[in-house]
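**Student:**
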Amino acid sequence: MGCEDVLVENCVGWTDCANVFLVGPECGTSREPRTNYIRNVTFRNCIVLETPALYDSKEGDDGWRGGCAAINARVGIYEGLGGGGRMSDILFENIQIENLYGGRPIAVEIVSDGTDTGSLSGVVFRNITFTGDKYLPAQVRGVSREFPLQNVTFDNVVFNGRQIKKADCENICLSIHI
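Read in order, the letters of the sequence shown correspond to residues 0 to 177 in numbering that gives the first Met the number 0.
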């Protein structure tokens, strides 16, 4: 069963210990055929308020598993949930993230347990502004050459007054499978 044409608009998000805007971690399950999908989802004109206690980096996990994100698009097997789903055409537009402490401003990933990998493509971050000084870099991560993360676009994404570019290793971590 799929989900499509979703609009989240003109809202304020806040959390004390988790993702604020999260799409997809339970898209499909290993017990179902690959008929589950999420597509055409838009988050527009939103504000993420001060987020005081997103999980900090855990030793040995590269800061990834322990770090939640203000904006997160994720598909695949994650802590026993989800897998095999397809997710595409996800737009985050005109979003302001204020005072993030720990965690990541943005995260996009495909995860897998090796048996049931989903797909993720067409994720756009447009006109995103972030301020904060205690955070982990944004992360964009595919799982393998066979299941790459495809067509992720950063268009006018600004962290602390600095526009993010693809090779900006200080503010964004990219895996080789994108």
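Beta carbons: idealized from backbone N, C-alpha and C, even for Gly.
All of these numbers come straight from a predicted model, not from anything done at the bench.
Give the straight-line distance between the Cα atoms of VAL156 and GLU92, rounded to the nearest whole angstrom.
**Tutor:** For the purposes of this step, residue 156 is identified with residue 157 of the sequence shown, where counting begins at 1. For the purposes of this step, residue 92 is identified with residue 93 of the sequence shown, where counting begins at 1. If I take the Cα positions, the gap works out to 10 Å.
**Student:** Go through its chain and collect everything with a Cβ distance to GLY59's Cβ below 8 Å, but skip five positions before and after it.
**Tutor:** As a position in the sequence shown, residue 59 is number 60, starting the count at 1. Residue placement at GLY59 is flagged as unreliable, the pLDDT there being 41, under the threshold of 50; the coordinate-derived value follows with that caveat. Excluding sequence neighbours, GLY59 sits near nothing in its chain.
**Student:** Confirm, please, whether the CB-CB distance from VAL139 to VAL123 is below 8 Å.
**Tutor:** Against the sequence shown, residue 123 aligns to sequence position 124. Against the sequence shown, residue 139 aligns to sequence position 140. No. Outside cutoff.
**Student:** For VAL107, report the span of its beta strand (DSSP E) as first-last.
**Tutor:** Here residue 107 refers to the residue found at position 108 when the sequence shown is read from its first residue. From DSSP, the beta strand (DSSP E) with VAL107 extends over 103–110.
**Student:** If you check the beta carbons only, do ILE96 and THR128 fall under 8 Å apart?
**Tutor:** By 1-based counting over the sequence shown, the position of residue 96 is 97. By 1-based counting over the sequence shown, the position of residue 128 is 129. THR128 is positioned such that its CB atom lies closer than 8 Å to that of ILE96.
**Student:** Using the three-state DSSP reduction, which class does VAL7 fall into: helix, strand or coil?
**Tutor:** Position 8 of the sequence shown, counted from the first residue, corresponds to residue 7. It is a strand residue.
**Student:** Cβ atoms of VAL142 and SER120: under 8 Å apart, would you say?
**Tutor:** For the purposes of this step, residue 120 is identified with residue 121 of the sequence shown, where counting begins at 1. For the purposes of this step, residue 142 is identified with residue 143 of the sequence shown, where counting begins at 1. For SER120 and VAL142, no; Cβs fall outside 8 Å.
**Student:** On the premise that ARG85 lies in contact with SER118, defined as a C-beta separation below 8 Å, what is that separation, rounded to the nearest angstrom?
**Tutor:** Residue mapping note: residue 118 aligns to position 119 of the sequence shown, counting from 1. Residue mapping note: residue 85 aligns to position 86 of the sequence shown, counting from 1. 5 Å between Cβ atoms; contact.
**Student:** How about ASN98 and GLU49: do their beta carbons lie closer than 8 Å?
**Tutor:** Here residue 98 corresponds to residue number 99 of the sequence shown, with the count starting at 1. Here residue 49 corresponds to residue number 50 of the sequence shown, with the count starting at 1. Cβ atoms of ASN98 and GLU49: closer than 8 Å.
**Student:** With a floor of 3 residues, list each beta strand (DSSP E) that falls wholly inside the stretch 116–172, ordered by position along the chain.
**Tutor:** Entirely contained in the stretch 116–172, the beta strand (DSSP E) runs reaching 3 residues are, in chain order, 118–130, 137–140, 149–158.
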